[in-house]
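When the letters of the sequence shown are read in order and numbered with the working numbering, they come out as residues 112 to 409.
Even glycine gets a Cβ: it sits at the ideal position worked out from N, Cα and C.
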Amino acid sequence: MSQAETTGIDPLPLARRTSRLWTFGLLRSELVTTFRRWRTLALLAVLAGVPILVGIAVKLETGDDSGAGGRGGGGGPAFISQITNNGLFLVFTALAATLPFFLPMAIGVIAGDAIAGEAGSGTLRYLLVAPAGRTRLLLVKYATTIAFCLVATLVVAVFAFAVGALLFPLGDLTTISGTRISFAEGLGRALLIALVVAASLIGVAALGLFISTLTNSGIAAMATTVGLLITVQILDQIPQLHALQPYFFSHYWLSFADLMRDPVYWDDLIRNLGVQALYAAVFGSAAWARFTTKDITA
């Protein structure tokens with residue numbers, strides 16, 4: 112007589128339920144551990160400081176009513192000249208300023224340390240004790256990195272909105288196309304832009320996670336990931352490589368500005384999300400293949 116017949120309980124659903132509970136528990140533990148680290152808090156503090164500095168700089172520069180338009184715009188040409196007219200534009204400017212370097216660097220640090228940091232500290236073998244498993248641990252690490260992508264982006268956006276509201280007026284917005292939209296619609300677009308920026312970092316997260324499986328040194332993995340970020344963005348500026356540039360993960364990063372057009376231009380936004388999904392699939396699979404066959408000695 113089987114166990115199900117003697118006890119009246121089917122063990123398979125119970126095992127699946129236990130497995131799901133273990134996965135959620137592991138994810139919760141990883142999230143708490145990651146966001147309690149001083150390094151993570153320091154990275155978020157740096158990201159929060161960028162919109163504060165940008166807002167103060169624009170306020171000081173335009174204190175004599177000379178206007179901000181003379182600057183042209185820097186990383187967000189259609190945004191920075193509008194900050195003095197509407198503080199909500201500081202959100203767009205801060206995201207444009209942090210996306211090329213600060214945000215991906217922070218993601219690279221978290222992703223690069225995900226596996227290599229555990230191996231370097233000697234805790235990786237303990238995490239792999241059943242019923243955790245390598246695939247489940249890798250998915251939890253990647254999910255935690257994606258969560259950091261979202262939190263980091265929202266930190267920039269929220270602090271930018273707070274500073275913009277304190278230093279500049281708020282109201283209806285003028286889009287890049289010259290049309291007027293309400294403040295509520297502008298706020299909705301700001302949230303959508305923040306989500307798009309967070310999604311633009313999933314490729315970097317997968318790349319960093321793959322690199323993290325190649326070494327037992329967290330510092331080496333973080334340095335390599337950040338180095339690749341810088342290299343790819345330099346290559347993205349070389350005209351002779353224009354045929355390859357659409358396949359670089361950073362090529363369409365600033366396409367989020369198209370969400371401030373009326374009507375919205377979707378082509379580059381869709382291409383950006385497609386490239387990020389491609390990087391996530393390729394390097395996520397490579398990380399899984401490497402990690403599931405790796406000889407764990409630490």
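- With respect to the 7 Å criterion, A316 and A400 are not classified as neighbours on the basis of their beta carbons.
- With a cutoff of 7 Å on beta-carbon distance, I304 and F367 are scored as near each other.
- When DSSP states are grouped into helix, strand and coil, L210 belongs to the coil group.
- Judged by DSSP in its simplified three-state form, I191 adopts helix.
- Annotated as distal: I322 and A334, with beta-carbon spacing of 7 Å or more.
- When rounded, the separation of the alpha-carbon atoms in N196 and A276 is 11 Å.
- Between L158 and A217 the beta-carbon gap is near 6 Å, inside 8 Å, which marks them as a contact.
- Taking a contact to require three or more Cβ pairs closer than 8 Å, the stretch 346-357 and the stretch 323-330 do not qualify as touching.
- Cβ neighbours of Y390 within its own chain (closer than 7 Å, five residues either side excluded): G314, A317, L318 and F360.
- In the three-state scheme derived from DSSP, where H, G and I count as helix and E and B as strand, R372 is classed as coil.
- For the 7 Å CB-CB criterion, V267 and T342 do not form a contact.
- Residue environment: L206 is assigned as buried (16 or more neighbouring CB atoms within 10 Å of its CB, all protein chains considered).
- In chain order, L199 and L284 place their CB closer than 6 Å to the CB of G297, counting only its own chain and leaving out the 5 sequence neighbours on each side.
- Distance from F135 to R245 at the Cβ level is roughly 18 Å; contact not present, criterion being Cβ atoms closer than 8 Å.
- Rounded to whole angstroms, the separation of the alpha carbons of I163 and T256 is 25 Å.
- Judged by beta-carbon spacing, L138 lies beyond the 7 Å limit of V262, meaning their Cβ atoms are not closer than that value.
- When secondary structure is reduced to three states using DSSP, T285 falls in the strand class.
- Each residue's CA atom was taken as its position, placing T404 and V220 some 24 Å apart.
- Just so you know, the alpha carbons of M371 and W364 end up roughly 15 Å apart.
- Buried is the label assigned to Y253, since at least 16 other Cβ atoms lie within 10 Å of its Cβ.
- In the displayed model, I257 falls within a helix according to three-state DSSP.
- In the DSSP assignment, I163 falls within the unbroken alpha helix (DSSP H) covering W149 to E172.
- Non-local beta-carbon contacts of A398 in its own chain, meaning distances under 6 Å to residues more than five positions away in sequence, involve L320, F321 and T324 in chain order.
- Going by DSSP, G329 is part of the alpha helix (DSSP H) stretching over G329 to L346.
- When the beta-carbon positions are compared, N383 and S311 come within less than 7 Å of each other.
- In the three-state reduction of the DSSP assignment, I292 falls in the strand class.
- Sequence-distant Cβ neighbours of A309 in its own chain, meaning closer than 6 Å and more than five residues away, are C260, L261 and T264.
- Separation of V386 and L339 (C-alpha to C-alpha, rounded to the nearest whole angstrom) is 17 Å.
- Here L281 has N197, G198, L199 and F294 as same chain residues with Cβ atoms under 7 Å from its own Cβ, once five neighbours each way along the sequence are excluded.
- Around the C-beta of I381, fewer than 16 other C-beta atoms lie within 10 Å, and the residue is accordingly described as exposed.
- DSSP places A309 in the helix class (H, G or I) of the three-state scheme.
- Note that the C-beta distance between L278 and G160 is not below 7 Å.
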